[in-house]
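Trainee: Start counting the sequence shown at 183; every next residue gets the next number (our numbering).
Where a beta carbon is used, it is the ideal one built from N, C-alpha and C, also for glycine.
Pasting a structure here, questions to come.
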Amino acid sequence: MSDNPRYAIYYTPAPEHPLTVAARAWLGRDAFAGCSPMASGGFVATATNQIRGALTRAPRRYGFHATLKAPFRLKKECSVEVLERALRKFVAAWPSCPIGPLKIDLLGGFFALVPVNPAPTLQGLASCIVEEFDRFRAPLSQVEFQRRLCSQLNEIETTHLVQWGYPYVFDCFRFHMTLTDRLPAENQPVVRRDLDTVFGSLLCEDYSADALSLFVQEHSGADFVVRSQFALRGPTLLREAV
């Protein structure tokens, strides 16, 4: 099971968007270009390259994104081609969802970009994606399930984990685009200043979730990359499978 690919349905801006470009430099990896690392240095002004590499290990592996359907393995009777056809059909029925301006926030010890204002239609989109595409998801292995339980989940989150394979869905969903690992409190101020320098000028745009991206992790330990991307409200393939 661990050698089978994992797929995830994420939101991420277009590869040429300034926010994507900034995140690519910050994380040191481009999910649209596969696993090729970006050159170190550049945008980060006060944190050393070594510190930056350590504090972005997890988000670098997953790529710049907001989770809509968390990583899952396909059922044996399903194929990724069938999954992509279902995505084509789904986006044809959904308009883009407003996100609005973003802000840098601290969530459980890690920094992320989150909407400034509540986005109920975005939560509705995420909930529909969780339900619609759960038919493709293979059950969690016992190891995967126990790993999630180590996150000190509450009763509702545990129920979601059992039913949907991920705890942070429906009422527990919060749209966010992760920028760092969890950080000690003493490191947070300097990292926050660096993030303000990198992303501050990009956050006032009126963002919208205008496309769904299918990410793939080819094997355990591999980085997630964008396989394909579809525009909402129309079966337009924005990006071919890598």
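Please report how far the alpha carbon of Q370 lies from the alpha carbon of A207, in whole angstroms.
Mentor: Put simply, the backbone Cα of Q370 is about 19 Å away from that of A207.
Trainee: Using DSSP with H/G/I as helix, E/B as strand and the rest coil, what is D405?
Mentor: coil
Trainee: Does DSSP put A221 in a helix, a strand or coil?
Mentor: Low confidence applies here, because A221 scores a pLDDT of 40, under 50, leaving its location unreliable; read the following figure in that light. Coil, per DSSP.
Trainee: Mapping the DSSP letters down to three states, classify V264 as helix, strand or coil.
Mentor: helix
Trainee: With respect to the alpha helix (DSSP H) encompassing V373, which residues constitute its N-terminal and C-terminal limits?
Mentor: Q370 to F381
Trainee: Counting only runs that start and end within the region 267-350, where is the alpha helix (DSSP H) found for 4 or more residues in a row?
Mentor: 302-314, 324-331 and 337-346
Trainee: Determine which residues share a DSSP beta bridge with L201 and list them.
Mentor: Per DSSP, none; premise fails for L201.
Trainee: For C279, count neighbouring C-beta atoms within 10 Å of its own C-beta (all shown protein chains included) and say buried if the count is 16 or more, exposed if not.
Mentor: Counting Cβ neighbours within 10 Å, C279 comes out buried, since at least 16 surround it.
Trainee: Please classify S395: is it buried, with 16 or more other beta-carbons within 10 angstroms of its beta-carbon, or exposed?
Mentor: buried
Trainee: Looking at the secondary structure, which residues open and close the alpha helix (DSSP H) in which A240 lies?
Mentor: In the DSSP assignment, A240 falls within the unbroken alpha helix (DSSP H) covering R239 to Y244.
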